[in-house]
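Okay, structure first, notes after.
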Amino acid sequence: MPNAPEKSILCVGLELENIAEWPSQCAAHTTPQEQQEAGRYAHMEDSARHLAGRALARRLLRAAYGQDSAVVFARSPYGKPFCPGVSADFSISHSGCMVWVAFCRCARVGIDVERMRPLPDAAELTSQLHPQEQKDLLSLPPAELQRAFYRCWTRKEAVIKAVGMGLSMPLQSFSVHTGPQESGWIASFTANAVQGTAAMLEDGGLWTSRDIRTTDGYQCSMAAQSPCLDVVVRLAC
Ligand SMILES: CC(C)(COP(=O)(O)OP(=O)(O)OC[C@H]1O[C@@H](n2cnc3c(N)ncnc32)[C@H](O)[C@@H]1OP(=O)(O)O)[C@@H](O)C(=O)NCCC(=O)NCCS
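Residue numbers (the working numbering): 2 to 238.
Structure follows, in structure tokens:
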């Protein structure tokens, strides 16, 4: 498992072939509590993704801080998992047969991966987005709308997951560019949009934002709350 250099964001992806085998493959790197949580999912695929994400995050933390670290993860009041006693941040995302974890020692980080499925209602879904995003997306020809919608979605989710407030953070409180540029796509934050996080959100230039190239048919984006960080991308097995 690669170790994350200082002042960088390490993004590690895992493709779950034979997804049914993953719960047992993850046993050595997951806790009884996580295995119990996984057992409550109705679908085996969701259990496998949950366990694979937790196992991958734990392996990264152990590579960085040693075998005894990252024994048990806690969750913030909004649900973001973290490792008590460790200052590094990490973020987990899973969709289809992909799992991605972003890890950063010096900034809050968020990652989101989505398997792209046909979205016949993409135009209607834009009504939930920031007005500028909505305008940009609706100006596209229908053939380009769906791809751009997914870009917008994973970029917004990456920011939301870095902030860690989940859907308590209004989707209209900030905007991202929806075009194909792979980095620097945070466009604007609305000051005071979210109580207590205004200073953190005011300037998109204070962030590192990057799309991560992954398997065909998936869109993946990462954002971290510190400018000009290196982004290191690796695949795990
Ligand atoms: C909670 C949320 C992070 C879930 O995201 P998601 O895209 O459905 O699922 P992902 O696989 O990417 O992420 C799930 C992981 O995020 C992590 N997570 C949960 N709550 C989190 C929070 N508040 N902040 C950051 N990470 C969180 C967990 O690790 C979780 O996986 P685990 O429980 O197996 O460990 C949240 O942002 C959400 O519900 N989004 C709904 C989708 C939506 O409306 N998006 C609008 C974008 S246009």
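C-beta: ideal position from N, C-alpha, C; glycine also.
Problem set entry | For residue 109 and residue 163, believed in contact at Cβ under 8 Å, the rounded distance | Mapped onto the sequence shown, residue 163 falls at position 162. Mapped onto the sequence shown, residue 109 falls at position 108. The pair is a contact, with the Cβ atoms about 5 Å apart (cut-off 8 Å).
For this session: Consider the C-beta atom of residue 86 and the heavy atoms of ligand 1; say whether any pair is separated by less than 7 Å.
Result: Taking the first residue of the sequence shown as 1, we reach residue 86 at position 85. Incorrect: residue 86 has no Cβ contact closer than 7 Å to ligand 1.
For this session: Measure the C-alpha to C-alpha separation of residue 179 and residue 153 and round it to an integer number of angstroms.
Result: Within the sequence shown, residue 179 is the residue found at index 178, counting from 1. Within the sequence shown, residue 153 is the residue found at index 152, counting from 1. For residue 179 and residue 153, the distance between alpha carbons rounds to 5 Å.
Exercise. Under the DSSP definition of a beta bridge, which residues are partnered with residue 214?
Worked result: Within the sequence shown, the letter at position 213 stands for residue 214. DSSP output for residue 214 lists no bridge partner at all.
Problem set entry | CA nearest to the CA of residue 62, picked from 85, 175 and 228 | To locate residue 62, count along the sequence shown from 1; it is residue 61. With distances taken between Cα atoms, residue 62 lies closest to 85.
For this session: In the DSSP assignment, find the unbroken alpha helix (DSSP H) run with residue 61 in it and report its ends.
Result: Stepping through the sequence shown from its first residue, residue 61 is reached at position 60. 45 to 66 is the span of the alpha helix (DSSP H), which, as asked, contains residue 61.
Exercise. What whole-angstrom Cβ distance do residue 212 and residue 221 have, given they're in contact under 8 Å?
Worked result: Against the sequence shown, residue 212 aligns to sequence position 211. Against the sequence shown, residue 221 aligns to sequence position 220. Right, the Cβ-Cβ distance comes to about 7 Å (below 8 Å), so this counts as a contact.
Exercise. Measuring from the CB of residue 186, is there a heavy atom of ligand 1 at a distance below 7 Å?
Worked result: Within the sequence shown, the letter at position 185 stands for residue 186. Flag unset: Cβ of residue 186 not near ligand 1.
Exercise. For residue 101, which residues does DSSP report across the bridge?
Worked result: Numbered from its first residue, the sequence shown carries residue 101 at position 100. 14 and 94.
Exercise. Can you name the residues that DSSP bridges to residue 241?
Worked result: Here the chain has residues from 2 to 238 only, and residue 241 is not among them.
Exercise. Which of the three DSSP states, helix, strand or coil, is assigned to residue 31?
Worked result: Counted from its first residue, the sequence shown places residue 31 at position 30. Shown here, residue 31 sits in coil according to DSSP, grouped into three states, outside any helix or strand.
Exercise. From 47, 81, 41 and 137, pick the residue whose C-alpha is nearest to that of residue 96; which is it?
Worked result: Locating residue 96 in the sequence shown gives position 95, where the first residue counts as 1. Distances from the CA of residue 96 to each of 47, 81, 41 and 137 were compared; the closest alpha carbon is that of 47.
Problem set entry | Buried versus exposed, by CB contacts within 10 Å (16 or more), residue 236 | In the sequence shown, the residue the question calls residue 236 occupies position 235. Exposed, by the Cβ-count rule.
Problem set entry | Beta-carbon spacing of residue 64, residue 143 below 8 Å | As a first step, residue 64 must be located in the sequence shown, where it is residue number 63. As a first step, residue 143 must be located in the sequence shown, where it is residue number 142. It is not a contact, given that the beta carbons lie outside the stated cut-off.
Exercise. Hey, would you say the C-beta of residue 308 is under 7 Å away from at least one heavy atom of ligand 1?
Worked result: An answer regarding residue 308 cannot be provided, because it is not within the stretch 2 to 238 covered by the chain.
Problem set entry | Three-state class that DSSP yields for residue 182 in the structure shown | For the purposes of this step, residue 182 is taken as the residue at position 181 of the sequence shown. Here residue 182 sits in coil by DSSP.
For this session: Could you tell me whether the Cβ atoms of residue 11 and residue 53 are closer together than 8 Å?
Result: Start at 1 with the first residue of the sequence shown, and residue 11 comes out as number 10. Start at 1 with the first residue of the sequence shown, and residue 53 comes out as number 52. No.
Exercise. So, helix, strand or coil for residue 174, using DSSP?
Worked result: Taking the first residue of the sequence shown as position 1, residue 174 is located at position 173. Three-state result, residue 174: helix.
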